[in-house]
DNA sequence: CGAACAGAAATTTTT
DNA sequence: TTTCTGTTCG
Ligand SMILES: Nc1ncnc2c1ncn2[C@@H]1O[C@H](COP(=O)(O)OP(=O)(O)OP(=O)(O)O)[C@@H](O)[C@H]1O
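In the working numbering, the protein residues as written are 40 to 762.
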């Protein structure tokens, strides 16, 4: 049980826990127990100050951190602690908006648009405004709009401040139209979620007052990565009680590209003049060597709030710096070190700058039969078939969602082509009604004469589905995908690809089932909302016995005994895109500081002499950040080529894209779904399922001659064939 | 309308 | 190098 004198904390940490009233900034370096303090502080509020859980708002950086916070409180205090609001900014705001967004003229059943949806809308805008996507690349326009929203610049304000410039003037036109469209479609984008909540509070003081009164205590973790809109939101919410506790480290601000404003934390004392500031200086995570390295890197940045960090842990082992001949050699070394260290796999993390770096490392791990998990990159929910399924659900949920409608109206093929869709779109825009309505009443529009039957077949299905929404969500999802012909079409196609897609679709249906069990009142809306707001990192399970691979960004806030930072090369890390700007280079350096300080015991840094990058072979120098580490902290093992010149695995071609099979290695063949294999007896077959069990694979193979068979790879003596 | 092909573009980090 | 976009043809 919880000891309210907090003996497990140090003096400074205790001081921070007990300082409950008024604004408080806890500014401290990595691993000094900031998050630990935040959790204990909430416990203290609940237990000693008798604050009710629903009077507390705790903002975390990821959904996973929020869930963890709740779980740890529950362990300390019992289930009632579950009633605090612990969530990300986005989840909290969506919750507020669902109940209040009608004030702003949006439907409470709004859909949340992701980047791809946003780009679709921007392309629509460009077309309507007769602007070319050469002069206004949709991605750039999106990023400008997104930054504007982070800064709480409405289209009008945007025009006033920047409209003098021709280019920004045009972008402001796009921004105006873009926002109008989203509203018409009943959709909000990621940035709207925060901005609209702020607008709601500013325009409806009674709504604000409700939440101000409710949240007697507001706490924000990772405050260094908040943007202006979030700062404004927090200020509004804490405006009444002024019990605002923010926690962060200016040296760990790594999301500037997403609008994060480091000034929020640096200027906290200016914005809240009565603020108390507490610095934590003892690091409990890393060895002295790791801390020294981190400090020597970060001290090259200017304009920091300098911090002391010390540890009572000893020096520990030196940092190991390995230079591979190529990225394959680099991966080979990482795998070899993991194999040679006698500890469980989940003690290792491999961190890198770009998601694309994971491929080579994954291949090496697979060949060594080491279990691993990759976080980030393409999310499950971003796969084409899953996005299609989601689009169907969104259309059922909100018929005004033209973007989702356009995505699935001809998927599977229903003979409703681009021309018809365009006509429908024009009519809808002219009459200011939903595309769905136009389709439904297609008979009224002579232009649509030829397509009328097909289009109405489609709307009939959707309306029928609308009626059966009551049944359990997973059954409903399945029903949607059957009735709309999506699943039947995939079944009929029966190709390697369609089989994988079907598998994913069924996994999606199970995820709906899983969702039902997480709540007492499951709704389609909340299910869709969760999908939009989860990050891959939320699924990270540190108890799963597997090496974890992720970007340095995703690793923020986590810790591991053994950490590899791979690709420590100029051009990779720091990224070549940051070379031209000192600010961006400093951000890369902070990212490096974050990476280094994830390690508790041992840090490995690896780089490659040559690497294939974007299709060309590059010879990259060692990263400047590594040069900034004093050499006495570093050990350099001999390069692989001189040590074991006979090992061919470093020049081995990776098996990634299953359809373009490479030659398998002799020791350990790898198999994956979709590959074609040859069996001595059964002949040619396609792998339906490949499960890695220890050093062997359990395979399910569909043979051309005799149907589906299950067998173990070790006994089957299979050969791979090119498709 | 839709499949197939060819040529061009674009390659960071993500709630 | 891969992935997307536009064009052509049936
Ligand atoms: N007083 C303490 N005694 C022992 N261990 C502690 C103490 N405070 C924190 N720790 C441990 O130190 C580690 C780092 O703590 P925590 O994650 O809270 O730091 P942080 O400052 O939030 O780190 P970061 O800035 O990297 O996110 C954790 O493993 C935590 O359990």
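A virtual CB, placed ideally from N, CA and C, is assigned to each residue, including glycine.
Just so we're clear, the structure is a prediction, and the values are computed from it rather than from any experiment.
- Counting along the chain, the unbroken alpha helix (DSSP H) around residue 550 starts and ends at 535-556.
- Residue 254 is not a Cβ neighbour of residue 64, given a cutoff of 7 Å.
- Under the three-state reduction of DSSP output, residue 452 falls in the coil class, being neither helix nor strand.
- Sequence-distant Cβ neighbours of residue 404 in its own chain, meaning closer than 7 Å and more than five residues away, are 374, 411, 586.
- Taking 4 residues as the minimum length, the alpha helix (DSSP H) runs contained wholly in the region 131-190 are 154-167, 177-189, in order along the chain.
- With respect to residue 185, residue 230 sits close: the two C-beta atoms are nearer than 7 Å.
- In its chain, beyond the 5 residues on either side, 66, 67 have a beta carbon closer than 6 Å to the beta carbon of residue 318.
- In the same chain as residue 119, and ignoring 5 residues on each side of it, the C-beta atoms closer than 7 Å to its own belong to 92, in chain order.
- Relative to the non-hydrogen atoms of ligand 1, the Cβ of residue 596 comes within a distance shorter than 6 Å of at least one.
- Distance from residue 396 to residue 643 at the Cβ level is roughly 15 Å; contact not present, criterion being Cβ atoms closer than 8 Å.
- Set against 6 Å, the gap from the CB of residue 73 to the closest heavy atom of ligand 1 is smaller.
- By the neighbour-count criterion, in which 16 or more other beta carbons inside 10 Å mark a residue as buried, residue 465 falls on the exposed side.
- Under the DSSP definition of a beta bridge, residue 433 lacks any partner.
- Contact between the region 73-83 and the region 48-61 is present, with at least three C-beta pairs closer than 8 Å.
- With a cutoff of 7 Å on beta-carbon distance, residue 182 and residue 415 are scored as not near each other.
- By alpha-carbon distance to residue 480, the top candidate from 470, 471, 491 is 491.
- Using a cutoff of 6 Å, the CB of residue 49 counts as near ligand 1, since one of the ligand's heavy atoms is closer than that.
- Secondary structure at residue 266: strand, using DSSP grouped into helix, strand and coil.
- Excluding its 5 nearest sequence neighbours in each direction, residue 429 has no C-beta neighbour in its own chain below 6 Å.
- Contact holds between the region 150-166 and the region 218-227, because three or more Cβ pairs, one in each stretch, are under 8 Å apart.
- A distance below 7 Å between beta-carbons, with the five flanking residues on each side excluded, links residue 130 to the following residues of its chain, in chain order: 102, 572.
- The C-beta distance from residue 413 to residue 588 rounds to 5 Å, short enough to fall under 8 Å.
- Within the DSSP bridge table, the entry for residue 67 names 319 as partners.
- Note on geometry: alpha-carbon atoms of residue 241 and residue 283 lie some 19 Å from one another.
- Assignment of residue 614 by DSSP, reduced to helix, strand and coil, places it in the strand class.
- Between residue 640 and residue 600, the C-beta gap is smaller than 7 Å, which places the two residues in contact.
- Under a 10 Å Cβ-count criterion, residue 568 is classified as buried, with 16 or more other Cβ atoms of the shown protein chains found around its own Cβ.
- Following the DSSP letters along the chain, one finds residue 78 inside the alpha helix (DSSP H) bounded by residues 73-86.
- Between the alpha carbons of residue 176 and residue 614 lies a distance of about 22 Å.
- About 6 Å separates the Cβ atoms of residue 676 and residue 359, confirming a contact at the 8 Å cut-off.
- If you check the C-beta of residue 416 against ligand 1, you find no heavy atom less than 6 Å away.
- For the pair residue 504 and residue 513, the Cα-to-Cα distance works out to about 13 Å.
- The alpha helix (DSSP H) runs of length 4 or more contained entirely in the region 231-262 are, from start to end of the chain, 244-253.
- About 5 Å separates the CB atoms of residue 333 and residue 632; that is less than 8 Å, so the two are in contact.
- Distance check between residue 104 and each of 580, 326, 668 places 580 closest, using alpha-carbon atoms only.
- Sequence-distant Cβ neighbours of residue 207 in its own chain, meaning closer than 7 Å and more than five residues away, are 201.
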